[in-house]
Amino acid sequence: MAACAVPVVALLGPAGAAAAALLAFAAWRQRLSRKRTRTELAAAKAMAEALRTTVAELRSGAPPAASAEAAAADAPPAVAAVLNALATSARFGADLPPASGRQGQVAKAWSLSRRHGLPLADLLDAVRRDVVAGARFMARADASMAGPRASASVLAVLPGVGLLLGEAIGARPLHVLTGTSAGHLLLVLGAALILAGVVWSSHLTKLGAVR
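In this text, residue positions in the sequence shown follow this note's numbering: the first is 128, and each later residue adds one.
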């Protein structure tokens with residue numbers, strides 16, 4: 128990391144290197160936010176599919192432990208952990224430990240079935256339908272925020288377009304930003320404002336998706 132930073136500082140100067148680091152962090156934040164959304168959607172789909180398999184096994188007459196283990200065999204690690212915990216609890220007739228999110232829903236379904244004799248297949252199928260509905264809502268909300276995200280991205284690159292236009296007409300903004308003390312300050316400040324704008328727009332689009 129330090130070896131990569133030396134040529135950047137030599138080429139752009141300390142202020143330019145700081146601005147480049149801020150802009151790189153802004154781009155990383157944007158990419159991380161999109162990756163997180165895709166990961167959450169994939170996890171919801173995997174859980175829904177695993178519950179569908181579990182319900183099918185239960186309705187075919189398999190015991191709860193075997194049904195959960197069969198579904199866990201082809202599930203991603205996080206989903207498999209939930210189902211294996213269910214299988215262990217079913218085998219020993221114990222409750223699942225308290226949890227939140229989808230694991231908590233599975234735990235409540237198992238507890239209701241064990242204590243009150245309700246069909247576990249029906250309870251887990253209700254959890255599956257809830258997971259599917261949640262994933263569909265998340266996908267629709269994410270799609271509805273595509274326009275605002277695109278607008279935020281355009282606004283983030285507009286300062287760079289302004290610099291190019293300034294160079295094209297001979298105003299030499301890059302020389303001012305990299306060759307003067309005031310320019311150094313403005314360069315870092317501008318990059319910091321772009322980062323703040325990216326973070327704030329990401330926050331607003333998340334709020335819009337939730338609502």
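We treat Cβ as the ideally placed atom computed from N, Cα and C, and that holds for glycine.
| Coarse secondary structure for I296, derived from DSSP in three states | coil
| query | The alpha helix (DSSP H) spanning L386 covers which residue range? | reply | Shown here, the chain extends from 128 to 338; a query on residue 386 therefore has no answer.
| message | The alpha helix (DSSP H) that contains G228, what's its start and end? | response | 228-243
| query | For V325, which of A144, G143, A142, L159 has the nearest alpha-carbon? | reply | L159
| task | Report yes if the CB atom of L322 is closer than 8 Å to the CB atom of L314, and no otherwise. | result | no
| field | Beta-carbon proximity list for V254, same chain, < 8 Å, skipping 5 on both sides | value | L178, R229, Q232, V233, A236
| request: On a CA-only basis, which of A295, R267, G274 is nearest T164? Give me that one, please. | output: R267
| Can you give the Cα-Cα distance for G306 and R299, rounded to whole angstroms? | 10 Å
| message | Using 8 Å as the threshold, is the C-beta distance between L210 and A199 below it? | response | yes
| DSSP state of L185, grouped into three classes? | helix
| field | Nearest residue (CA-CA) to A145, options F219, L213, L331, G317 | value | G317
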